[in-house]
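Here is the structure we will look at.
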Amino acid sequence: MTSSPLPRIVTASDRKNLASAVARELLPILVQDAREHSADRPFQWAIAGGVVHDVLADLASIIADEDDLDADWSHIRVWWVDERFVQATHSERNDQQAVSALFAQLPGIQLRPMPSDRGQGLDQAAEDYADLWRSDIGDGVLDFALIGMGPDGHIASLFPGRAHEADGAPVLVVRDSPKMPPLRLSLPMSTIASARDIWVVAPGDSKADALAEALVLGAHEQDRPIAGLPRDRTTFWLDTDSARGLEVR
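Next comes the structure, spelled out in structure tokens:
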């Protein structure tokens, strides 16, 4: 069985050039939204870790070379699609890496990191984050999600064969991640998939089979979670290796 027509796909020669291409297209979008939104009605942006940090680092380099972007960064609010439940200073925290890569140089930007392990336990951390989400977004949706994908087709901390929803809650507790560490928090699939615009950055030959199965062969979301994203609002940023099984337009 084949799937519906492919979503928008953009390719580059390799991971480095791909991250640069994403950053170049993303910056004017962020600048425009920083101008059009306000601190009280911010642009709601969710990011992942991994290759997304390459994009953030390239954004930082481009911004550093600009004389005046005329952007009020306080009009952008940043969420994370998932996070490792470890201490705040842990080197594997997605938020720490993102701050180092970019956000430290964007004055006023509103950061909403997922809770770190302060001894409160994973369930309490999830409740705290859910309260923050409801306070800041309520029944609204993300404006933009910039995420990666694993070789098994997982996004955020939504892995094949595991729960992708949180019984209506805005955050999913993950206790058995197949990638270390096992304890994590994640946005559920419905929250990520409802974003107005979704970009998936997935370079590398190890991603090719999962992409082909999800986008060409019609794999189910439970087998390849990437298949749960809406095709009409998702752009796939790939390199030559990861796109080898697709009909790239």
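Residue numbers for the sequence shown follow this note's numbering, beginning at 21 and rising by one. Every residue gets a Cβ at the ideal spot worked out from N, C-alpha and C, and that includes glycine.
- Boundaries of the alpha helix (DSSP H) in which V119 is found, first to last residue: Counting from one through the sequence shown, the residue named residue 119 turns up at place 99. It spans N114 to A121 - the alpha helix (DSSP H) in which V119 sits, taken as one unbroken run.
- Could you tell me whether the stretch 144 to 163 touches the stretch 31 to 47, where touching means 3 or more Cβ pairs closer than 8 Å? no
- What does a CB cutoff of less than 8 Å around T22 pick up in its chain, not counting 5 residues either side in sequence? If you number the sequence shown from 1, residue 22 lands on position 2. In this prediction, T22 has a pLDDT of 47, which is less than 50 and means its spatial position is unreliable; nothing more can be read from the coordinates.
- Query: So, V220 versus T254, is the Cβ gap smaller than 8 Å?
  - Reply: In the sequence shown, residue 220 corresponds to position 200, counting from 1. In the sequence shown, residue 254 corresponds to position 234, counting from 1. Yes; because the gap between Cβ atoms is below 8 Å, this pair is in contact.
- Message: Count Cβ pairs between the stretch 245 to 259 and the stretch 175 to 188 that sit closer than 8 Å; are there 3 or more?
- Response: With the cut-off at 8 Å, the stretch 245 to 259 and the stretch 175 to 188 touch.
- Message: Rounded to whole angstroms, what is the Cα-Cα separation between L26 and G168?
- Response: Position 6 of the sequence shown, counted from the start, is the residue given in the question as residue 26. Position 148 of the sequence shown, counted from the start, is the residue given in the question as residue 168. Their Cα atoms are separated by approximately 18 Å.
- Query: Any idea if H174 is buried or exposed, counting beta-carbon neighbours within 10 angstroms, 16 or more meaning buried?
  - Reply: Locating residue 174 in the sequence shown gives position 154, counting from the first residue. It is buried - the Cβ of H174 has at least 16 other Cβ atoms within 10 Å.
- Task: Using three-state DSSP, classify R154 as helix, strand or coil.
- Result: Locating residue 154 in the sequence shown gives position 134, counting from the first residue. R154: helix per DSSP, three-state reduction.
- Task: Could you tell me which uninterrupted beta strand (DSSP E) segments, each at least 3 residues in length, are contained entirely in the stretch 65 to 135, listed from first to last along the chain?
- Result: Taken in chain order, the complete beta strand (DSSP E) segments of 3 residues or longer contained in the stretch 65 to 135 are 96 to 100, 102 to 104 and 130 to 132.
- Message: Give me the residue from P250, V119 and L50 with the minimum Cα distance to D90.
- Response: In the sequence shown, residue 90 corresponds to position 70, counting from 1. It is L50.
- Determine the DSSP secondary structure at S40, reduced to helix, strand or coil. Against the sequence shown, residue 40 aligns to sequence position 20. If DSSP states are grouped into helix, strand and coil, S40 belongs with the helices.
- For S40 and R269, the rounded distance between their alpha carbons: Position 249 of the sequence shown holds residue 269. Position 20 of the sequence shown holds residue 40. Note that R269 has pLDDT 45, beneath the 50 cutoff, so the model's placement of it is unreliable and the number below is only indicative. For R269 and S40, the distance between alpha carbons rounds to 20 Å.
- Identify every run of the alpha helix (DSSP H) within the stretch 171 to 241, keeping only runs that are complete inside it and at least 4 residues long; order them along the chain. 209 to 213 and 228 to 235
- Task: Indicate whether E233 and M209 have their beta-carbon atoms separated by less than 8 Å.
- Result: Locating residue 233 in the sequence shown gives position 213, where the first residue counts as 1. Locating residue 209 in the sequence shown gives position 189, where the first residue counts as 1. Not closer than 8 Å, so no.
- Coarse secondary structure for T22, derived from DSSP in three states: The residue you call residue 22 lines up with position 2 of the sequence shown. With a pLDDT of 47 at T22, under the threshold of 50, the modelled position of that residue is not reliable, and the figure given next carries that caveat. Coil.
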